[in-house]
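Line order of the protein sequences matches chains X and W. Every position in the first sequence, counted from 1, becomes a number in the numbering used here once 1376 is added. Every position in the second sequence, counted from 1, becomes a number in the numbering used here once 55 is added. Using N, Cα and C, we set each Cβ at its ideal position, and we do this for glycine too. Structure record follows, encoded as structure tokens.
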Amino acid sequence: MKRQIPLLLTFLTGVAIIISFFIPHKPFNQVQDTLLDWFIIISGFALLLGIYSLLRKHIIHIQKKDAGWGYSLILNSFFVGVFIVGIISAVQFKGMSLTPGSSLYYVYDYMVIPLSATMFSLLAFFIASAAYRAFRARKLNATLLLIAAVVVMLGRVPIVDNAFFKFLGQFSDWFMLIPQMAAKRGILIGIALGSFAMSLRIILGIERTYLQ
Amino acid sequence: MNIWEKLSKIDRRIIYLLLALVVIIPIVFKIPSTVAVSGPARMAFDAVDNLPPGTPIIFSTDFDPASMPELRPMMTAMLRHAFKKRLKVIMMGHWPTGIPLSTLILEEAAKEFEVEYGVDYVNIGYRPGAGAVMIQMGREIRNVFNVDIEGTPLDSLPMMKTIHNYSDIGLVACYEAGAMGDIWVQYAWGRFGVKIVMATTAVVTPECYPYLGAHQIEGLIGGMAGAAAYEKLVEHPDKAMIRMSSQAWAHILIIVFIIIGNIGYFMMRRMEKTKTKGA
Chain X
1377 MKRQIPLLLT FLTGVAIIIS FFIPHKPFNQ VQDTLLDWFI IISGFALLLG IYSLLRKHII
1437 HIQKKDAGWG YSLILNSFFV GVFIVGIISA VQFKGMSLTP GSSLYYVYDY MVIPLSATMF
1497 SLLAFFIASA AYRAFRARKL NATLLLIAAV VVMLGRVPIV DNAFFKFLGQ FSDWFMLIPQ
1557 MAAKRGILIG IALGSFAMSL RIILGIERTY LQ
Chain W
56 MNIWEKLSKI DRRIIYLLLA LVVIIPIVFK IPSTVAVSGP ARMAFDAVDN LPPGTPIIFS
116 TDFDPASMPE LRPMMTAMLR HAFKKRLKVI MMGHWPTGIP LSTLILEEAA KEFEVEYGVD
176 YVNIGYRPGA GAVMIQMGRE IRNVFNVDIE GTPLDSLPMM KTIHNYSDIG LVACYEAGAM
236 GDIWVQYAWG RFGVKIVMAT TAVVTPECYP YLGAHQIEGL IGGMAGAAAY EKLVEHPDKA
296 MIRMSSQAWA HILIIVFIII GNIGYFMMRR MEKTKTKGA
């Protein structure tokens, strides 16, 4: 019974959603609307679950004094700090905690934005170093990849406005729209077929790992 | 270590230092760059430009501060275009940490064009659920966004009185740093046929070409190059044009390093072959 009821619920939900997609009329569309509302509510609660899971993991790290437990301490302290600031801001600004002028907005503006931008900016340095080390014309495949990369990189950034860079730009557009897109489309179709097969397996109760 | 070996094993700190210089110098000295307008960026511009004045356009903020340098100039340029064309802007988002950013960008552009909140633009903020939110919006926007970002009921905003679902929307412009664009295409375009243009970070751009090729989206603004192209098209050069200069020289530097690395690699291989033959 412990397994049968979740399997039955999954089957009924899956079938209801499929039917409502093909017959978007009463009562099927109402069922779908209700399920979508539930989904939105559950998405909100999933955030709470994520927070619980993250904090629990790092509290255990601190208790056991695992390697790098100091980072866990910083994470948890900042979580508590930002949470308190958020609550104070929400009270001050009647629920609109991220209003410019609030303490939470200050944290966002002076901590979240610069830290996120810094983390992302570091990628440029790693990519430059990795490109220098990895792009070696060792074999035919690697050479083709190297040529394509160099041409697309140059085509995207015309240093001078002349016929050569115009040609590179057009070639770059063609490369992105034809060979690149063909490969991406193949990958997307593969993912779609895989998702379809997995969904069917879940609806029919063949795939049960999510119950564990 | 001979010269060729040195060339193929340049210290990464030298690469970092030179890269930092070529990125910083054009920004500090505001060196402008040549900007080529790609076909997909022009298509996105045309999609906005062809909308009649008064048409509602949704801006979906699906990014956070990490992608701000690339996506903010795109959003600013398109907002300028939309306000110039007297389109009705609805700002929303699926990434909660992006909402304060888009609010800031929207208010800056609104101030520039002296447009009125509730009449020319609204900001409805964030709701969790992504795909589910998009489907519900296809039926009735109020099903998920019954109030705006400041808690004002949508029905009390003059502009929203005639806007209920995608059939009232001329275009959705989604600003993507992840996979939310795929969900927009699958649900909003797939089910309701709403027109979409995508503005994406350079990393995400290649993923979106299949949608462009299949005419599921009307245009694609990719990375800093796309942002600079849009600024050029709206005839308002700004941050992207300057940053594009940094990116251009960074690309050239990386290409130079790749060439140097390959020269070193080939010369070393040749020397090894000569040694083997000699032995």
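Below 7 Å on C-beta distance, what does residue i contact in chain X?
i	result
Gly184 of chain W	Phe1415, Ile1416 and Ser1419
Val188 of chain W	Ile1416
His291 of chain W	Ordered by position in chain X, no residue passes the 7 Å Cβ test against His291 of chain W, which lies about 20 Å from the chain.
Gly233 of chain W	Within chain X, no residue comes near Gly233 of chain W; the closest Cβ sits about 13 Å away, beyond 7 Å.
Arg67 of chain W	Ser1505
Gly268 of chain W	Leu1553 and Met1557
Can you name the residues that DSSP bridges to residue i?
i	result
Ser1378 of chain X	It should be noted that the sequence gives Lys, not Ser, for residue 1378 of chain X. Partner(s): none; Lys1378 of chain X has no beta bridge.
Met147 of chain W	W:Ser115 and W:Gly180
Gly274 of chain W	W:Val252
Please list, in chain order, the chain W residues whose beta carbon lies closer than 8 Å to that of residue i.
i	result
Ala1379 of chain X	In the sequence as presented, Ala is not what sits at residue 1379 of chain X; that position holds Arg. None at all; the shortest Cβ gap to chain W is about 27 Å.
Val1526 of chain X	Ile310 and Ile313
Arg1584 of chain X	Chain W residues near Arg1584 of chain X: none, gap ~24 Å exceeds 8 Å.
Between the Cα of residue i and those of the options, spot the shortest distance and give me the residue it belongs to.
i	options	result
Thr260 of chain W	W:Ala234, W:Ile204, W:Glu167 and W:Tyr285	W:Ala234
Phe321 of chain W	W:Tyr266, W:Ser63 and W:Leu288	W:Ser63
Gly206 of chain W	X:Ser1479, X:Leu1491, X:Ser1473 and X:Pro1400	X:Ser1473
Ile1464 of chain X	X:Leu1480, X:Ser1453 and X:Pro1476	X:Leu1480
Phe100 of chain W	W:Met130, W:Ile82 and W:Tyr221	W:Met130
Leu1412 of chain X	X:Gly1426, X:Ile1435, X:Ala1392 and X:Val1461	X:Ala1392
Ile1435 of chain X	X:Leu1423, X:Ala1422, X:Pro1555 and X:Val1456	X:Val1456
Lys287 of chain W	W:Pro81, W:Arg246, W:Val92 and W:His270	W:Val92
Phe200 of chain W	W:His149, W:Gly153 and W:Glu163	W:His149
Pro183 of chain W	X:Pro1403, X:Gln1546, X:Phe1421 and X:Phe1397	X:Phe1421
Thr1389 of chain X	X:Ile1489, X:Tyr1447, X:Trp1445 and X:Leu1580	X:Leu1580
Leu1498 of chain X	W:Glu195, W:Tyr71, W:Phe168 and W:Met279	W:Tyr71
Lys1470 of chain X	W:Gly245, W:Gly268, W:Ile204 and W:Tyr285	W:Ile204
Ser115 of chain W	W:Val289, W:Tyr242 and W:Val227	W:Val227
Met1495 of chain X	W:Pro124, W:Ile307 and W:Leu212	W:Pro124
Ile1578 of chain X	X:Leu1385, X:Lys1378 and X:Met1377	X:Leu1385
Thr217 of chain W	W:Gly109, W:Met98 and W:Ala96	W:Gly109
Pro87 of chain W	X:Val1533, X:Leu1424, X:Gly1446 and X:Leu1430	X:Val1533
Val1461 of chain X	X:Tyr1428, X:Thr1475 and X:Leu1383	X:Thr1475
Ile65 of chain W	W:Arg325, W:Ile315 and W:Val103	W:Ile315
Ala257 of chain W	X:Arg1509, X:Val1528, X:Ile1554 and X:Ile1416	X:Val1528
Ile1544 of chain X	W:Val90, W:Leu126 and W:Leu106	Looking at the sequence itself, residue 1544 of chain X is Leu, so the reference to Ile does not match. Among W:Val90, W:Leu126 and W:Leu106, the Cα nearest to that of Leu1544 of chain X is on W:Val90.
Tyr266 of chain W	W:Ala280, W:Gly236 and W:His291	W:Gly236
Gly278 of chain W	W:Ala269, W:His291, W:Ile318 and W:Glu262	W:Glu262
Ala284 of chain W	W:Met56, W:Ser211, W:Val83 and W:Pro95	W:Pro95
Gly281 of chain W	W:Pro128, W:Asn57, W:Leu73 and W:Ile112	W:Pro128
His1437 of chain X	X:Leu1449, X:Ile1427, X:Gly1426 and X:Gln1588	X:Leu1449
Taking C-beta pairs closer than 9 Å, name the residues in chain W that residue i reaches, listed in chain order.
i	result
Leu1520 of chain X	Correct list: empty, because the minimum Cβ distance to chain W is about 14 Å.
Lys1433 of chain X	Within 9 Å Cβ-Cβ: nothing; Lys1433 of chain X doesn't reach chain W, min ~21 Å.
Leu1449 of chain X	What Leu1449 of chain X touches in chain W: nothing, since even the nearest Cβ is about 23 Å away.
So which residues on chain X does residue i lean against when the C-beta distance must stay under 8 Å?
i	result
Asn317 of chain W	Phe1511, Arg1512, Ala1513 and Leu1522
Tyr71 of chain W	Phe1501, Ala1504 and Ser1505
Leu74 of chain W	Ala1500, Phe1501 and Ala1504
Ala303 of chain W	Val1533, Pro1534 and Ile1535
At a CB-CB cut-off below 7 Å, which residues of chain W make contact with residue i?
i	result
Gln1556 of chain X	Pro261 and Tyr264
Ala1493 of chain X	Pro120, Ala121, Met123 and Pro124
Asp1537 of chain X	Thr89
Asp1549 of chain X	Ser93 and Gly94
Tyr1481 of chain X	Pro155
Lys1560 of chain X	Pro261, Glu262, Tyr264 and Pro265
Phe1398 of chain X	Those do not exist, as Phe1398 of chain X stays about 12 Å from chain W at its closest Cβ, beyond 7 Å.
Tyr1484 of chain X	Pro155
Gly1390 of chain X	None at all; the shortest Cβ gap to chain W is about 15 Å.
Residues of chain X with CB closer than 9 Å to the CB of residue i, please, in chain order.
i	result
Tyr320 of chain W	Arg1512, Ala1513 and Arg1514
Glu273 of chain W	Going along chain X, no residue has its Cβ under 9 Å from Glu273 of chain W, so there is no contact; the nearest lies around 15 Å.
Gly248 of chain W	Here the premise fails: no neighbours, minimum Cβ distance about 13 Å.
Ile307 of chain W	Met1529, Leu1530, Val1533 and Ile1535
Ala280 of chain W	Arg1532 and Val1533
At least three beta-carbon pairs within less than 8 Å, the region 1408 to 1417 of chain X to the region 189 to 199 of chain W: Because the criterion of three Cβ pairs below 8 Å is met, the region 1408 to 1417 of chain X and the region 189 to 199 of chain W touch.
Between the region 254 to 274 of chain W and the region 290 to 297 of chain W, do three or more beta carbon pairs fall short of 8 Å? Cβ pair count under 8 Å is below three, so no.
Please give the ranges of any alpha helix (DSSP H) in the region 166 to 244 of chain W, keeping only runs that are unbroken, at least 4 residues long and fully inside the region. With a minimum length of 4 residues, the continuous alpha helix (DSSP H) runs that stay inside the region 166 to 244 of chain W are 186 to 194 and 235 to 238.
Are at least three pairs of beta-carbons, each pair with one atom in the region 126 to 142 of chain W and one in the region 1513 to 1529 of chain X, less than 8 Å apart? Contact check between the region 126 to 142 of chain W and the region 1513 to 1529 of chain X: fewer than three CB pairs, one atom from each, fall below 8 Å, which does not count as touching.
Indicate whether the contact test is met: 3 or more Cβ pairs, each with one atom in the region 107 to 123 of chain W and one in the region 227 to 247 of chain W, closer than 8 Å. With contact defined as three or more Cβ pairs closer than 8 Å, the region 107 to 123 of chain W and the region 227 to 247 of chain W are in contact.
Could you tell me whether the region 1486 to 1505 of chain X touches the region 1517 to 1528 of chain X, where touching means 3 or more Cβ pairs closer than 8 Å? Too few Cβ pairs lie closer than 8 Å, so no.
Whole alpha helix (DSSP H) runs in the region 1538 to 1575 of chain X with 4 or more residues, listed along the chain? Segments of the alpha helix (DSSP H) lying fully in the region 1538 to 1575 of chain X: 1539 to 1551.
Determine, using beta-carbon pairs with one atom in the region 1567 to 1582 of chain X and one in the region 1544 to 1559 of chain X, whether at least three such pairs fall under 8 Å. In short, these stretches do not touch, since the Cβ pair count stays below three.
Three or more beta-carbon pairs under 8 Å between the region 216 to 226 of chain W and the region 239 to 259 of chain W, yes or no? The region 216 to 226 of chain W vs the region 239 to 259 of chain W: in contact.
Are the region 323 to 331 of chain W and the region 72 to 85 of chain W in contact at 8 Å, needing three or more beta carbon pairs? Output reads no: the region 72 to 85 of chain W does not touch the region 323 to 331 of chain W.
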